[in-house]
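Chemist: If you read the sequences in order, they're chains R and C. Quick note on my numbering: the first sequence kicks off at 19 and runs consecutively. Quick note on my numbering: the second sequence kicks off at 26 and runs consecutively. For every residue, glycine included, the Cβ atom is placed at its ideal position computed from N, Cα and C. This one's a predicted model, so the numbers in the text were calculated from it and none came from an experiment. This is the structure, below, for whatever I ask next.
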Amino acid sequence: MTPIPALPASIDDTVRLLSGADYVAGRDLATVLFLALRMKRPLFLEGEAGVGKTEIAKVLASTLDRPLIRLQCYEGLDISSAVYEWNTMAQMVEIRLAEASGDVDRTTLGSEVFSERFLNRRPILQALTPTGRGAPVLLIDELDRTDEAFEAYLLEVLSDFQVTIPELGTIKASEPPIVLITSNRTREIHDALKRRCLYHWVDYPNAERELEILRRKVPGVGKRLSRDIVAFVQAIRREDLFKAPGVAETLDWATALTELDAVALDPALVSDTLGVLLKYQDDIARMAGSEAKRLLDGVRTAAAHAAE
Amino acid sequence: MTEEAPAPDGRLAENIVYFARALREAGLPVGPASVLDGIAAVETASIGSRDDFFWTLHAVFVKRHEHSVLFEQAFSSFWRKRALMEKMIAMMSPIAIDKRDKKDKPQAGSQRVADALMKQPAREEKDKEEVVELDARFSVSERELLREKDFAQMSAAEIALAKRDMARLRLPVDSVRTRRLVAGNGRIIDLRRTLRSAMRNGGHFVDIRFRTPAEKHPPIVALCDISGSMADYSRLFLHFLHAVSEKGRRVHAFVFATRLTNISRALRAKDPDEALDQCTKLVKDWDGGTRIAHCIERFNKDWSRRVLGQGAVVLLITDGLERKVDDGLDHEMDRLQRSSRRLVWLNPLLRFEAFEARAAGIQAMLPHVDEFRAIHNLRSMADLVHALGREMDARTDPRAWLAKASKAA
């Protein structure tokens, strides 16, 4: 077995680690990530949809060669699907077998039936179990989708990295998992939970970084077209839109435009493909036609100025 | 002082403590635990540049995106002295390059640090001033009245009476069904509890237990008009919202006249007077003009996705007397209704017997609300509380008002 890669030793190391996996991160993100790894604290990532929050966890798991355990939150998420569940069917069979063999001693049967053998481990409990490959990466995705009750339950898990099962006792992780929590901010997360984490707001990347992301993720796009795309997306984000496009939309748009064999942007092309970039009818209606042309002209003028 | 070589950690720790105090002054909720975290983080990160130092402290002290700006201001003014900053970095540097250099002039260094600490109060004040300046620049309308108004102007007897009555109001009993299951008399068998109860009696008989979907109170989102014509009612209404949030209900409150202000945090103060006092400090356009369309647009774009997620009931408290009515109002109201589970418009003008939905603003808004109610006294407030727990009734149907208005015309 290959040795587990060590955690990064400095902020520069962290930048290198991320860029090695084609994740173009700013210094700010690298710093907070490095601290989270070092201080063994959960990292709370907030930001608009499509800026690469979930991707960080995936990249971290693959570069550090650790298992990625993902808990997708949804309304109604409860302990039995997030933490653990007793395998009741197997327990019943066990009781029946004990009855058949005739030795039904209440206390021994009780402790046998409620043993780890009958415990179905769900993501959070899995993350607290030693893997032999170092602490796993636990991704708690879109925490804002679940309710406050579950958030409160997480407090114990995130501060002490332990889970209490009434029938069995407390299970504590020998090595705390690397926890990443993401939120799209459709609801405010309680301060008590945030207090236990390091916080980072994942912002839209600047033009330079977005160009780099585009170059790495969609390699087939021509130089001129990618510069146009990034400049246009950066400009459209400054408009007063209901939902500004994220990095994911930029990449989708670039792929779409290459499929259409475009070499440069023109207003008609932008209007036709705006649905890839903007997802609200109001926004599309506002940006289509003359607005797209105005933005594009602005982008062109700025580029010409920069070239001079 | 008797110490020979000052422990670098000690100085650093001290400075971080002072910095945390400056942040608290600037309005960031920084507790002692985060100070300890800050020291640990700076030690872990072994900072190399001002940028790294900035982001290291940012990671620990900033827990909300909105606070980033405040932090930035506090950081740049607190760690302004470049020499101090470099000194800190040198102290923390894992490679002690210029040890001799440091020994040569330890006095100067500690003097500078002392200077920085001495001047700190002045700096804090400056921070505050900067924040205010920034706010002032955001003001849009020339009609806007930037003045801080005292709630005490309302007669004391009136407030006391209103408060007592509001405290006695029963909470709205509306509830929405969630997808979470709890023990109850539902139709889903709870095997775990069934098994445990069977174990208790030795498995002689099995008493099947059930689960049922949990119900919970949806959050209340209130958009409260505080322009000149509304000020008296909105004040009472803020008392009401405070009373409701006191009882454990989630309340997001916004006030608007010419611009939208989120006062949810301020409302969380235990004492109602203190809470309203904090609101007054936050709000800069008290008793100003009205720009309903603009404020609802801001709410739709900046807040709706953050606070309307859990099946919220929206209470819109305004007289609907918009000065300039265009398509924007219609459009934004439409959007607001689509993103909320139930939109209730509370209008104090309804207290007049002869009220008719004639004004252009009211005509534009009325088609997009689910309910249209009066809100002018404690009785109508109590009515509202009852109504939230029930289905809508014909008396408050906005279409009835529209029909009446068109008939009259």
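Comparing the C-beta of R/Phe-179 with each C-beta of chain C, is any distance below 8 Å?
Modeler: Not closer than 8 Å to any Cβ of chain C, the Cβ of R/Phe-179 fails to qualify, so no.
Chemist: Going by CA-CA distance only, name the one from C/Leu-266, C/Ile-72, C/Arg-275 and C/Phe-235 that's closest to C/Asp-296.
Modeler: The residue with the shortest Cα to Cα distance from C/Asp-296 is C/Leu-266.
Chemist: Within 8 Å of any Cβ in chain C, is that where the Cβ of R/Gln-109 sits?
Modeler: Chain C contact via Cβ: present.
Chemist: Out of C/Leu-248, C/Ala-318, C/Asp-310 and C/Arg-221, which one is the CA nearest neighbour of C/Gly-386?
Modeler: Among C/Leu-248, C/Ala-318, C/Asp-310 and C/Arg-221, the Cα nearest to that of C/Gly-386 belongs to C/Ala-318.
Chemist: Looking at the secondary structure, which residues open and close the beta strand (DSSP E) in which R/Arg-139 lies?
Modeler: From DSSP, the beta strand (DSSP E) with R/Arg-139 extends over 137-139.
Chemist: Assign R/Phe-168 to one of three DSSP states: helix, strand, or coil.
Modeler: The answer is helix: DSSP assigns R/Phe-168 an H, G or I state.
Chemist: Just the C-alpha distance for C/Trp-370 and C/Asp-310, rounded to the nearest angstrom, thanks.
Modeler: C/Trp-370 and C/Asp-310: Cα-Cα distance of roughly 22 Å.
Chemist: So with Cβ pairs under 8 Å, would you call C/Ser-203 a contact of chain R?
Modeler: For clarity, residue 203 of chain C is Thr in the given sequence; the question names Ser instead. C/Thr-203 counts as touching chain R.
Chemist: Beta-carbon of R/Gly-307 versus every beta-carbon of chain C: anything under 8 Å?
Modeler: No, R/Gly-307 does not count as interfacial toward chain C.
Chemist: Buried or exposed, going by whether 16 or more other CB atoms sit within 10 Å of the CB of C/Arg-162?
Modeler: Bear in mind that a pLDDT of 31 at C/Arg-162, under 50, signals an unreliable position, so the model cannot answer this.
Chemist: Give the straight-line distance between the Cα atoms of R/Arg-140 and R/Thr-149, rounded to the nearest whole angstrom.
Modeler: Roughly 14 Å separates the two Cα atoms.
Chemist: I'd like the ranges of any alpha helix (DSSP H) spanning at least 4 consecutive residues and lying wholly in the stretch 349-385 of chain C.
Modeler: Here the runs fully enclosed are 352-364.
Chemist: What does C/Met-224 touch in chain R if you count any residue whose Cβ is under 7 Å from its own?
Modeler: By Cβ distance, chain R contributes Gly-128.
Chemist: Do we get a CB-CB distance below 8 Å when we pair R/Gly-316 with the residues of chain C?
Modeler: With 8 Å as the cut-off, R/Gly-316 does not count as an interface residue toward chain C.
Chemist: Which complete beta strand (DSSP E) runs does the stretch 217-285 of chain C hold, if anything under 3 residues is left out?
Modeler: You should have 235-241, 245-250 and 276-281.
Chemist: Using a beta-carbon distance below 8 Å, is C/Gly-273 in contact with chain R?
Modeler: Cβ-Cβ to chain R under 8 Å: no for C/Gly-273.
Chemist: Checking 8 Å against the spacing of the C-beta atoms, do R/Thr-264 and R/Ala-67 come in under that value?
Modeler: Per the sequence presented here, residue 264 of chain R reads as Gly, with Thr not at that position. It is a contact, given that the beta carbons lie within the stated cut-off.
Chemist: Report yes if the CB atom of R/Val-236 is closer than 8 Å to the CB atom of R/Ala-272, and no otherwise.
Modeler: Closer than 8 Å, so yes.
Chemist: Can you name, in chain order, every residue of its own chain whose Cβ lies under 8 Å from the Cβ of R/Thr-291, other than the five neighbours on each side?
Modeler: The answer, listed in chain order, is Trp-271, Ala-274, Leu-275 and Leu-278.
Chemist: Using only alpha-carbon positions, find the residue among C/Met-406, C/Asp-76, C/Leu-82 and C/Thr-315 that is nearest to C/Val-67.
Modeler: Here the closest residue by C-alpha is C/Leu-82.
Chemist: Quick one, which of R/Trp-104, R/Ile-97, R/Ile-231 and R/Glu-130 has its alpha-carbon nearest R/Ile-113's?
Modeler: Cα-wise, what sits closest to R/Ile-113 is R/Glu-130.
Chemist: Per DSSP, R/Tyr-102 is paired with what?
Modeler: Partner(s): R/Arg-139.
Chemist: Would C/Ala-318 count as contacting chain R if we go by Cβ distances under 8 Å?
Modeler: It does not: the Cβ of C/Ala-318 has no partner Cβ on chain R nearer than 8 Å.
Chemist: Count the CB pairs spanning the stretch 237-252 of chain R and the stretch 75-88 of chain R that are closer than 8 Å, and state whether there are at least three.
Modeler: Output reads no: the stretch 75-88 of chain R does not touch the stretch 237-252 of chain R.
Chemist: When DSSP builds the beta bridges, which residues end up paired with R/Thr-319?
Modeler: For R/Thr-319, which the question treats as bridged, DSSP gives no partner whatsoever.
Chemist: So which residues of chain R does C/His-242 contact, with C-beta pairs closer than 8 Å?
Modeler: Here the premise fails: no neighbours, minimum Cβ distance about 12 Å.
Chemist: If contact means a Cβ-Cβ distance below 8 Å, which residues of the stretch 86-110 of chain C contact chain R?
Modeler: The stretch 86-110 of chain C vs chain R, Cβ under 8 Å: Val-87, Lys-88, Arg-89, His-90 and Ser-93.
Chemist: Output yes if chain C places a C-beta closer than 8 Å to the C-beta of R/Lys-297; else output no.
Modeler: Answer no: the Cβ-Cβ gap between R/Lys-297 and chain C never drops below 8 Å.
Chemist: Would you list, in sequence order, the uninterrupted alpha helix (DSSP H) runs of no fewer than 4 residues that lie entirely inside the stretch 74-135 of chain R?
Modeler: You should have 97-100, 106-119 and 124-131.
Chemist: Using a 10 Å radius around the Cβ and a threshold of 16 neighbouring Cβ atoms, would you call C/Pro-244 buried or exposed?
Modeler: The residue in question, C/Pro-244, is buried, as its Cβ has 16 or more Cβ neighbours within 10 Å.
Chemist: Per DSSP, R/Asp-159 forms a beta bridge with which residues?
Modeler: For R/Asp-159, which the question treats as bridged, DSSP gives the partners R/Gln-90.
Chemist: Counting along the chain, where does the beta strand (DSSP E) carrying C/Ile-213 start and finish?
Modeler: Segment 201-214, the beta strand (DSSP E) holding C/Ile-213.
Chemist: Pick helix, strand or coil for C/His-319, following the three-state DSSP scheme.
Modeler: C/His-319 falls in the helix class under three-state DSSP.
Chemist: Smallest Cα separation from C/Ser-364: which of C/Asp-355, C/Ser-329 and C/Leu-391?
Modeler: Per the Cα distances, C/Ser-329.
Chemist: Residues of chain C with CB closer than 8 Å to the CB of R/Lys-58, please, in chain order.
Modeler: In chain order: nothing, as chain C lies at least about 10 Å away.
Chemist: Quick check: the Cα distance between R/Ala-324 and C/Phe-79, rounded to an integer number of angstroms?
Modeler: Each residue's alpha carbon lies about 30 Å from the other.
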